[in-house]
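Participant:
Residue numbers (my numbering): 376 to 974.
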């Protein structure tokens with residue numbers, strides 16, 4: 376019992392697996408440390424002897440003995456000499472030895488000197504030994520990663536880093552010449568696929584944009600180049616408060632900023648302060664434009680006649696009304712979009728009452744507009760261009776009344792998202808419109824194909840230049856072929872459209888009009904048919920479009936520059952003529968623009 380109590384009273388610390396292993400095999404950590412220290416001291420003595428030997432005069436071979444380690448026996452000395460001779464002979468056969476010998480002017484008597492110098496320069500002290508840095512003289516501990524200096528010594532960590540930075544060379548470009556695939560794809564999405572190099576003006580403009588942060592002023596750049604620079608910088612999202620100053624010139628009458636998201640409130644005030652002759656103002660994504668900016672604008676008494684603002688949701692309805700009362704009598708063009716917190720029916724009524732000479736009106740995605748706003752637009756007697764995109768659902772009778780009043784004077788008409796519009800609207804356009812050059816009627820699932828046939832058949836309006844009838848189709852996914860009486864633009868309506876406007880058509884968008892059959896495409900783009908002015912065509916989500924149909928499109932449209940064909944799953948290996956941008960298709964990741972000629 377006493378022995379057991381005595382054992383329990385013994386206090387022992389924790390033991391690791393390694394400690395137990397060393398103890399079980401009679402291995403002592405102290406003995407390991409002692410042996411390591413002994414090896415270090417022996418190596419230090421040997422290294423000291425070798426350094427002294429380097430300083431000896433080669434002619435005094437007999438004097439080597441006085442510098443030898445006194446503990447070294449005659450057998451060890453002979454063995455060391457033999458190893459040294461083998462090492463010297465090996466060095467003399469190396470390319471480095473031949474190179475150093477060629478650089479020197481000595482003869483055969485100097486071979487041993489060169490070889491011995493190379494041998495001792497390559498030998499480094501043992502790891503964890505203390506050594507003096509060759510460059511700064513600082514005492515440091517040698518590690519396996521210590522670097523050699525230019526004269527054979529070792530360098531400390533700081534000097535090694537400085538030497539590595541000085542000797543660093545730029546990495547070789549192993550990728551070869553870059554093809555600029557990303558820029559090419561961006562150009563394709565913009566509809567640019569011209570063969571050859573861009574113009575000198577375009578190259579210089581892009582070079583200026585690449586170095587925009589190093590430019591202090593633009594000087595006397597012409598207005599068209601300033602506008603192009605603004606487009607490039609806004610596309611790259613690099614237009615900031617600093618770069619804005621480059622565009623502020625007092626003699627200019629226009630300002631076009633397509634992405635003002637990085638501008639602050641004082642930047643908008645700066646625009647109207649530095650440009651007193653403004654006639655045209657286009658500010659998009661202007662989220663920080665507030666009431667105080669509009670008030671400052673009105674105090675400046677500017678002669679603005681064209682105003683386009685986008686996403687200016689921090690401007691209140693009261694401030695909008697104040698702006699319309701002050702600038703309304705002089706405004707000729709007004710475009711407002713993406714307003715979800717202001718511009719209600721009362722404000723639109725004030726706008727229509729005060730803007731007496733308004734010729735162009737665009738109201739897109741303004742959430743608070745409703746039937747009263749649509750009714751007030753009918754009182755604009757000078758209107759020639761109308762573009763509406765309502766978020767709220769409007770009454771069909773009010774829509775018909777408004778279009779009947781303004782349509783006889785219209786030259787362009789754009790109606791998007793009018794879900795309640797029916798064939799009566801198409802009949803009204805057919806009867807009243809005589810001078811339209813642009814017609815957009817999209818996102819509708821009520822108007823029938825017969826309505827589109829009636830619109831384009833016997834229409835006294837000249838051939839349209841721009842037509843967008845996208846997403847006019849039946850939306851019943853359980854019946855993909857649609858009803859018997861086709862809803863939206865279908866085969867007969869497409870044929871009637873091309874028979875009426877084909878000779879003068881420049882841009883056509885029939886994306887998602889999924890009830891257009893393959894036979895209709897073959898009839899429209901048949902042998903002998905030519906559409907001499909058509910430059911852009913969008914046939915996305917038409918599964919009947921394949922390589923054969925696209926080939927006939929290229930034949931019938933000699934001036935085609937852009938063909939959009941997203942989700943045309945049968946389009947696989949179309950031969951695209953030079954200068955045409957094919958966007959979409961199953962192989963959109965491959966090089967799209969091929970060398971070729973129009974048939």
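From the three backbone atoms N, C-alpha and C, an ideal C-beta is built for every residue, glycine too.
Just so we're clear, the structure is a prediction, and the values are computed from it rather than from any experiment.
1. The beta strand (DSSP E) with residue 630 in it runs from where to where?
2. How many whole angstroms separate the CB atoms of residue 740 and residue 713, which I take to be in contact at a CB cut-off of 8 Å?
3. Mind reading off the beta-carbon distance from residue 656 to residue 679? Whole number of angstroms is fine, and I expect it under 8 Å.
4. Using the rule of at least 16 other Cβ atoms within 10 Å of the residue's Cβ for burial, across every protein chain shown, is residue 901 buried or exposed?
5. For residue 805, does the three-state DSSP call read helix, strand or coil?
6. Along the alpha helix (DSSP H) that carries residue 365, what are the first and last residues, could you check?
7. Going by beta-carbon coordinates alone, are residue 719 and residue 692 separated by less than 8 Å?
8. Please name the residue, chosen from 956, 704 and 717, that lies closest to residue 727 on a Cα-to-Cα basis.
9. Checking the sheet assignment: what are the DSSP bridge partners for residue 843?
10. Could you check where the beta strand (DSSP E) with residue 583 kicks off and where it finishes?
11. Between residue 699 and the rest of its own chain, which residues show a CB-CB distance below 7 Å, the 5 nearest in sequence each way excluded?
12. Residue 887 and residue 842: beta carbons closer than 8 Å?
13. Output the residue ranges of the alpha helix (DSSP H) runs that lie fully inside the stretch 906-930 and measure 4 residues or longer, sorted by chain position.
14. Helix, strand or coil, according to DSSP, for residue 656 in the structure here?
15. So, are the CB atoms of residue 822 and residue 863 less than 8 Å apart?
16. Which whole-angstrom value describes the C-beta separation of residue 909 and residue 880, a residue pair presumed to lie in contact below a C-beta threshold of 8 Å?
17. Just verifying my parser: in three-state terms, what is the DSSP assignment at residue 683?
18. Please determine if the stretch 609-628 and the stretch 585-596 are in contact, where contact requires at least 3 C-beta pairs separated by less than 8 Å.
19. What is the DSSP secondary structure of residue 735, reduced to helix, strand or coil?
20. Reducing DSSP to helix, strand and coil, say where residue 937 ends up.
21. I need the straight-line Cα distance from residue 918 to residue 663, nearest angstrom please.
22. Check residue 662 in the structure and name its three-state DSSP category.
23. Does residue 641 pass the burial test, meaning 16 or more other C-beta atoms within 10 Å, or should it be called exposed?
24. So what does DSSP say about residue 711, is it helix, strand or coil?
25. Looking only at its own chain, which residues have a Cβ that is under 7 Å from the Cβ of residue 805, when we skip the five neighbours before and after it?
26. Return the CA-CA distance between residue 956 and residue 884, expressed in angstroms with no decimal places.
27. Beta-carbon separation of residue 857 and residue 827 under 8 Å?
28. For the alpha helix (DSSP H) containing residue 890, list its first residue and its last residue.
29. Quick check: the Cα distance between residue 522 and residue 514, rounded to an integer number of angstroms?
30. Quick check: what's the CA-CA separation for residue 979 versus residue 608?
31. Is residue 735 near residue 756, with beta carbons less than 8 Å apart?
32. Alpha carbon to alpha carbon, how far is residue 882 from residue 954? Give it in angstroms, no decimals.
33. Is the CB-CB distance between residue 768 and residue 795 below 8 Å?
34. Could you give the distance in angstroms between the alpha-carbon of residue 878 and the alpha-carbon of residue 677?
35. Residue 905 to residue 709, Cα distance in whole Å?
Facilitator: Considering the structure as presented:
1. 629-632
2. 5 Å
3. 6 Å
4. exposed
5. helix
6. Within the shown structure, residues of the chain are numbered from 376 to 974, placing residue 365 beyond reach of any answer.
7. yes
8. 704
9. 815 and 884
10. Counting along the chain, residue 583 falls outside any beta strand (DSSP E), though it belongs to the alpha helix (DSSP H) covering 575-585.
11. 725, 726, 729 and 730
12. no
13. none
14. strand
15. yes
16. 5 Å
17. strand
18. yes
19. strand
20. strand
21. 44 Å
22. coil
23. exposed
24. strand
25. 829, 830 and 834
26. 15 Å
27. no
28. No alpha helix (DSSP H) contains residue 890, which DSSP labels as neither H nor E.
29. 15 Å
30. Because the chain is modelled from 376 through 974, residue 979 falls outside the range shown and cannot be assessed.
31. no
32. 17 Å
33. yes
34. 44 Å
35. 38 Å
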